[in-house]
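So the structure is just underneath, and the comments pick up after that.
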Ligand SMILES: Cc1ncc(C[n+]2csc(CCOP(=O)(O)OP(=O)(O)O)c2C)c(N)n1
Ligand code: SF4
Ligand SMILES: [Mg+2]
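Residue numbers (our numbering): 2 to 248.
Structure below.
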């Protein structure tokens with residue numbers, strides 16, 4: 002019998018702790034596929050975040066380290082500068098990257114660090130119980146905005162747009178893990194981001210992935226996918242915000 006589908010080797014054959022319908026598992030699989038397709042398994046080092054993906058090193062079969070909340074771009078800077086032949090990626094949630102770690106990501110991009118950043122935007126602090134994140138959309142009910150977020154709580158932070166204006170950010174794209182067509186686009190974007198680092202492109206690449214958190218959105222997995230496409234993309238439009246490497 003001919004084998005037509007198999008687990009990509011960099012994705013470990015283990016049960017994950019993620020809730021049903023969570024986007025983290027999809028993101029992990031895409032990253033693993035890209036690493037295997039590019040043949041960079043032996044020289045890739047990942048940085049796991051503080052957040053629901055804190056155990057990412059249990060699922061991705063590459064060298065990985067865990068760093069303090071939000072500090073991944075600073076640690077990635079040191080790793081890449083001392084090991085320029087390695088492929089360094091950080092994996093960060095919106096609480097990690099767009100709240101406590103805002104300074105680190107902005108300055109890493111500003112310094113044009115040659116790293117790849119994967120930014121999982123699920124519009125909440127998942128790990129700590131679904132509190133409002135900087136990316137929570139107006140009207141969204143969270144543990145800390147029980148009546149829905151208002152402008153008084155701050156407007157949703159569009160961090161990819163902010164980063165795209167920095168010369169040191171050479172590639173910034175926003176995709177969504179909301180269905181097969183969007184997942185395929187997300188994989189293409191992740192592949193491009195890793196390829197840029199493989200080719201020693203002179204700056205930082207970031208792929209933002211709109212990602213479901215059915216548990217704290219209080220939705221079924223199917224409703225959560227729908228909500229990404231109908232509501233989240235109004236605030237976080239999909240597409241390539243910047244690619245200095247394309248014609
Ligand atoms: C220095 C520090 N401050 C706060 C926390 C508590 N904390 C743990 S995870 C987290 C937010 C995680 O949210 P996000 O990065 O969006 O990841 P998600 O769980 O949604 O994937 C916070 C505030 C911490 N662990 N360390
Ligand atoms: S709480 Fe949300 S982000 Fe965390 S594992 Fe569950 S669905 Fe995923
Ligand atoms: Mg989050």
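Note that the Cβ used here is the ideal one computed from N, Cα and C, for glycine as well. The model shown is predicted, which means the values in this text are computed figures rather than measured ones.
### Query
Using DSSP with H/G/I as helix, E/B as strand and the rest coil, what is residue 249?
Residue coverage of the chain in this structure runs from 2 to 248, which leaves residue 249 outside it and unanswerable.
#### Entry: Bridge partners - residue 89, DSSP secondary structure assignment
As DSSP reads the structure, residue 89 sits in a beta bridge with 46.
### Query
For residue 236, is the beta carbon positioned less than 7 Å from some heavy atom of ligand 3?
no
### Task
Alpha carbon to alpha carbon, how far is residue 61 from residue 9? Give it in angstroms, no decimals.
Spanning the two alpha carbons is a distance of roughly 10 Å.
### Task
List the DSSP bridge partners of residue 241.
174
### Task
Would you mind working out which of 238, 245, 200, 244 sits nearest residue 41, comparing C-alpha positions?
200
### Message
Checking 8 Å against the spacing of the C-beta atoms, do residue 210 and residue 176 come in under that value?
### Response
Against a cut-off of 8 Å, the Cβ pair of residue 176 and residue 210 comes out as a contact.
### Message
Contact between the region 234-248 and the region 162-182 is defined here as three or more beta-carbon pairs at a separation below 8 Å; is this criterion met?
### Response
yes
### Query
Any idea if residue 121 is buried or exposed, counting beta-carbon neighbours within 10 angstroms, 16 or more meaning buried?
buried
### Sub-8 Å separation of residue 45 and residue 101 beta-carbons
Cβ distance not < 8 Å, so residue 45 and residue 101 don't count as in contact.
### Query
Apart from the five residues just before and just after residue 222, which ones in its own chain have a Cβ nearer than 7 Å to its Cβ?
21, 22, 213, 215
### Query
Out of 11, 232, 105, which has the shortest C-alpha to C-alpha gap to residue 78?
105
### Query
Whose CA, out of 132, 156, 154, 152, lies closest to the CA of residue 145?
132
### Task
Quick one: residues in its chain with C-beta nearer than 7 Å to the C-beta of residue 161, no 5 flanking neighbours on either side, listed in chain order?
Counting only Cβ-Cβ distances below 7 Å, and skipping sequence neighbours, we find 173, 175, 207, 209, 242.
### Query
Is it true that the CB of residue 117 sits closer than 8 Å to the CB of residue 237?
Contact: no.
### Query
Are the CB atoms of residue 94 and residue 47 nearer to each other than 8 Å?
no
### Task
Would you mind giving the Cβ-Cβ distance between residue 75 and residue 203, rounded to the nearest angstrom? I have them listed as a contact below 8 Å.
That belief does not hold up - the Cβ atoms of residue 75 and residue 203 are roughly 19 Å apart, past 8 Å.
### Task
Starting from the Cα of residue 30, find the closest Cα among 217, 233, 184, 135 and give me that residue.
184
### Beta carbon shell of ligand 2 at less than 5 Å from a heavy atom
In chain order, the residues positioned with their C-beta nearer than 5 Å to some heavy atom of ligand 2 are 19, 20, 23, 53, 127, 214, 216.
### Task
Could you tell me whether the Cβ atoms of residue 178 and residue 27 are closer together than 8 Å?
yes
### Query
Just to check, is the beta-carbon of residue 51 closer than 7 Å to a non-hydrogen atom of ligand 1?
yes
### Closer than 7 Å: residue 137 CB and nearest ligand 1 heavy atom
no
### Task
From the DSSP output, in three-state form, read off residue 206 for me.
strand
### Query
Thinking C-beta only, is residue 66 closer than 8 Å to residue 91?
no
### Query
Which word fits residue 15, buried or exposed, when buried means at least 16 other C-beta atoms lie within 10 angstroms of its C-beta?
exposed
### Boundaries (first-last residue) of the beta strand (DSSP E) holding residue 107
Counting along the chain, residue 107 falls outside any beta strand (DSSP E), though it belongs to the alpha helix (DSSP H) covering 103-111.
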